[in-house]
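Chemist:
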Amino acid sequence: MTRAKIPDQGRETEELLAEMASFEEGDANWRSGRTWSLVYHAGEEHSALLKRAHALYASTNALNPIAFKSLKRMESEVVEMSAELMNGAPGVVGTMSSGGTESILLACMAARERAGVRRPEIVAPKTIHVAFEKAAHYFGIKLRLAPIGRDMRADVRAMKRLMNRNTVLVAASAPQYPHGVIDPIEDLAAIAKKRGIPFHTDACVGGFMLPWIEKLGNDVPKWDFRVPGVTSISADIHKYGYAAKGASVVLYRDMSYLRHQFFVSTNWPGGIYASPSMAGTRPGGAISAAWAAMMSMGEDGYMELASKALEATKRLRAGIDAIPGLRVLGDPPLTILAYASADPDVDIYAVADQLEASGWSFDRDQNPAAIHCTVNANQLEFVDEYLTDVRCAVAEVKAHPELIGQGSAPMYGMMARLPLRSVVRKSVLDVMEGLYGSKGSIDLNDLGAGEDSGLLMRAARRYGGRVLGLLNHLDARRRR
Ligand SMILES: Cc1ncc(COP(=O)(O)O)c(C=O)c1O
Numbered sequence: 256m257t258r259a260k261i262p263d264q265g266r267e268t269e270e271l272l273a274e275m276a277s278f279e280e281g282d283a284n285w286r287s288g289r290t291w292s293l294v295y296h297a298g299e300e301h302s303a304l305l306k307r308a309h310a311l312y313a314s315t316n317a318l319n320p321i322a323f324k325s326l327k328r329m330e331s332e333v334v335e336m337s338a339e340l341m342n343g344a345p346g347v348v349g350t351m352s353s354g355g356t357e358s359i360l361l362a363c364m365a366a367r368e369r370a371g372v373r374r375p376e377i378v379a380p381k382t383i384h385v386a387f388e389k390a391a392h393y394f395g396i397k398l399r400l401a402p403i404g405r406d407m408r409a410d411v412r413a414m415k416r417l418m419n420r421n422t423v424l425v426a427a428s429a430p431q432y433p434h435g436v437i438d439p440i441e442d443l444a445a446i447a448k449k450r451g452i453p454f455h456t457d458a459c460v461g462g463f464m465l466p467w468i469e470k471l472g473n474d475v476p477k478w479d480f481r482v483p484g485v486t487s488i489s490a491d492i493h494k495y496g497y498a499a500k501g502a503s504v505v506l507y508r509d510m511s512y513l514r515h516q517f518f519v520s521t522n523w524p525g526g527i528y529a530s531p532s533m534a535g536t537r538p539g540g541a542i543s544a545a546w547a548a549m550m551s552m553g554e555d556g557y558m559e560l561a562s563k564a565l566e567a568t569k570r571l572r573a574g575i576d577a578i579p580g581l582r583v584l585g586d587p588p589l590t591i592l593a594y595a596s597a598d599p600d601v602d603i604y605a606v607a608d609q610l611e612a613s614g615w616s617f618d619r620d621q622n623p624a625a626i627h628c629t630v631n632a633n634q635l636e637f638v639d640e641y642l643t644d645v646r647c648a649v650a651e652v653k654a655h656p657e658l659i660g661q662g663s664a665p666m667y668g669m670m671a672r673l674p675l676r677s678v679v680r681k682s683v684l685d686v687m688e689g690l691y692g693s694k695g696s697i698d699l700n701d702l703g704a705g706e707d708s709g710l711l712m713r714a715a716r717r718y719g720g721r722v723l724g725l726l727n728h729l730d731a732r733r734r735r
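Using our numbering, read the sequence shown as starting at 256 and increasing by one per residue.
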């Protein structure tokens, strides 16, 4: 395998672009509506606008707002529009960041700085986005995760029990990613407020969807700045805000919270340095494309897409509920849902393999094992086709119990259920090394099957089917 190298002579623009376009061939088929994750697509016309808006400022850098007043203006307006949408008073402030994870990292770090306690802790339900675990890992914070109820929402009493003098932040989601349900934000924020603890609503996926669903006349529990105890919110414009990737906002009730997010160095030989977020260089294109997305979409555009996505989700949910052997988890009120097996003879990861073979892309949840769908407006016309494939997949899995031991099902099943999490972690690290090591040590088309894909994954492929079959039946007996 030859190693990539900068060509001796620069290549022709058109030839290069054509070659790059061909790289896309093996990618998830997101334009066609067969991808239930990762991409939020508002149509080709909107994509074309994003590209042009991004290109206008692609080389600019928002690290210096004085040098790029244009970017400062657009970032401020994006923050203001977001704060207004989330019912923030004029004192609500914030910044843009590169995405949900960065917004969450910033909110956690600012809460830690503000509190100034020696052993900082954050309390959240176990369904909170993994970016909180990352923040805890990066910033030396202890993350205390509370159990959830049968409805998959945060258990308020369990969360309350975990709060103490070291708690620098309480957090919950609107909605959480794994099952698309909204945590009881009002109750949790009230408890946090009473104890003088800041409260963060992670609305990364819901921030630019929930307001439209509410405006469409649906009942939506309160989660934004209307809730008195909510002190910060993360919301991603690159999700249902339909911006180009790399755009999120982190908002705070007032400057007394935001100021702890800023980084200032006064002694560096390169000069006095001040930066509002994690990144040094802050890509102007992400800011300009986010501004353009909001301006061109307008309330009417967002409402139309929200209404279609909601309709698609309702149909999807009704269709899944009607398939014997499957059940939707919780009562997801918006455009994200997950469905699991309700029959020991239906291994959901084996169903997932069948669906993937039919060209659908999606995420797999664990504990409980489930198939995850993030629904976009452009999927309205594909829901029936998808449901037909789900029905076929379930029938196939029931008719062929040996499928539980084939494809990726045993690997996902074992990875989710093995009690020795350190072994799972080591195995995943092996895969990461394979992915980011020298080219070719892992074949992306056959992840988990290759010789270098980790001992656990190889064991899962060999024995996983039998182990999972047994575990499924034990589960079923326990439920009876
Ligand atoms: C609820 C929630 N929070 C945070 C994130 C992290 O966002 P990102 O992937 O942009 O870092 C996600 C991503 O799906 C999410 O659903």
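For glycine and all other residues, C-beta sits at the position ideal for the given N, C-alpha and C.
Just so we're clear, the structure is a prediction, and the values are computed from it rather than from any experiment.
(1) Quick check on Gly-281: does DSSP put it in helix, strand or coil?
(2) In three-state terms, what does DSSP make of Arg-399?
(3) Please identify the residue among Gly-526, Pro-579, Leu-326 whose C-alpha is closest to the C-alpha of Thr-350.
(4) Cα separation between Leu-360 and Lys-563?
(5) Does the beta-carbon of Tyr-432, which I'm using as the reference point, lie nearer than 7 Å to any heavy atom of ligand 1?
(6) Looking at ligand 1, does it come within less than 7 Å of Ile-626, judged from the CB to the closest heavy atom?
(7) To the nearest angstrom, report how far apart Arg-481 and Asp-263 are at their CA atoms.
(8) Quick check: does the Cβ of Ser-503 come within less than 7 Å of any heavy atom belonging to ligand 3?
(9) Give the C-beta separation of Phe-518 and Ser-530 to the nearest angstrom, bearing in mind that I take them to be a contact with Cβ-Cβ under 8 Å.
(10) Quick check: Phe-387 and Val-425, are their CB atoms within less than 8 Å of each other?
(11) Suppose you measure from the CA of Ile-377 to the CA of Phe-394; what does that come to, to the nearest Å?
(12) Looking at Met-549: is its Cβ nearer than 8 Å to the Cβ of Leu-471?
(13) List in chain order: all unbroken alpha helix (DSSP H) runs of 4+ residues lying wholly within the stretch 313-351.
(14) Which word fits His-655, buried or exposed, when buried means at least 16 other C-beta atoms lie within 10 angstroms of its C-beta?
(15) Mind checking whether Ser-337 and Gly-501 have CB atoms under 8 Å apart?
(16) Report the partner residues of Val-425 according to the DSSP bridge assignment.
(17) Just checking: is the beta-carbon of Asn-473 within a distance shorter than 8 Å of some beta-carbon in chain C?
(18) DSSP three-state call for Arg-508: helix, strand or coil?
(19) Report yes if the C-beta distance between Leu-736 and Ala-597 is below 8 Å; otherwise report no.
(20) Under three-state DSSP, which class holds Tyr-594?
(21) To the nearest angstrom, how far is it from the Cα of Arg-258 to the Cα of Ser-314?
(22) In whole angstroms, what is the alpha-carbon distance linking Leu-506 and Ser-487?
(23) So is Trp-523 buried or exposed if we call it buried at 16+ other beta carbons inside 10 Å?
(24) So, Tyr-497 versus Ala-310, is the Cβ gap smaller than 8 Å?
(25) When you measure from the CB of Thr-356 to every non-hydrogen atom of ligand 1, does any distance come out below 7 Å?
(26) Helix, strand or coil, according to DSSP, for Ile-527 in the structure here?
(27) Does DSSP put Ile-383 in a helix, a strand or coil?
(28) Start and end of the alpha helix (DSSP H) containing Val-203?
(29) Under 8 Å: do the stretch 644-663 and the stretch 560-580 share three or more Cβ pairs, one atom per stretch?
(30) Ile-446 and Lys-477: beta carbons closer than 8 Å?
(31) For Ala-386, is the beta carbon positioned less than 7 Å from some heavy atom of ligand 1?
(32) Alpha carbon to alpha carbon, how far is Ala-401 from Arg-417? Give it in angstroms, no decimals.
(33) Does the distance from the C-beta atom of Asp-457 to that of Pro-380 stay below 8 Å?
(34) Among Tyr-691, Phe-617, Ala-607, which one has its Cα closest to the Cα of Gly-668?
(35) Would you mind sorting Leu-675 into buried or exposed? The rule is 16 or more other CB atoms within 10 Å of its CB.
(36) If you run the structure through DSSP and keep just helix, strand and coil, what is Arg-286?
Modeler: Concretely, from the data shown:
(1) helix
(2) Per DSSP, reduced to three states, the secondary structure at Arg-399 is strand.
(3) Leu-326
(4) 32 Å
(5) yes
(6) Flag unset: Cβ of Ile-626 not near ligand 1.
(7) 59 Å
(8) For the structure depicted, ligand 3 is absent and the ligand set comprises only ligand 1.
(9) 5 Å
(10) Between Phe-387 and Val-425, the CB-CB gap reaches or exceeds 8 Å.
(11) 11 Å
(12) no
(13) 324-340
(14) exposed
(15) no
(16) Val-378, Phe-454
(17) Going by chain labels, chain C is absent from the structure shown, which holds only one protein chain.
(18) coil
(19) Only positions 256 to 735 of the chain appear in the structure, and residue 736 is not among them; the question remains open.
(20) Correct three-state label for Tyr-594: strand.
(21) 29 Å
(22) 5 Å
(23) exposed
(24) no
(25) yes
(26) coil
(27) coil
(28) Residue 203 lies beyond the stretch modelled for the chain, which goes from 256 to 735, so this question has no answer here.
(29) yes
(30) no
(31) Yes; taking the cut-off as 7 Å, the Cβ of Ala-386 has a heavy atom of ligand 1 nearer than that.
(32) Going by the sequence as given, residue 417 is Leu instead of Arg. C-alpha separation (whole angstroms): 7 Å.
(33) no
(34) Nearest C-alpha to Gly-668: Ala-607.
(35) exposed
(36) Here Arg-286 sits in helix by DSSP.
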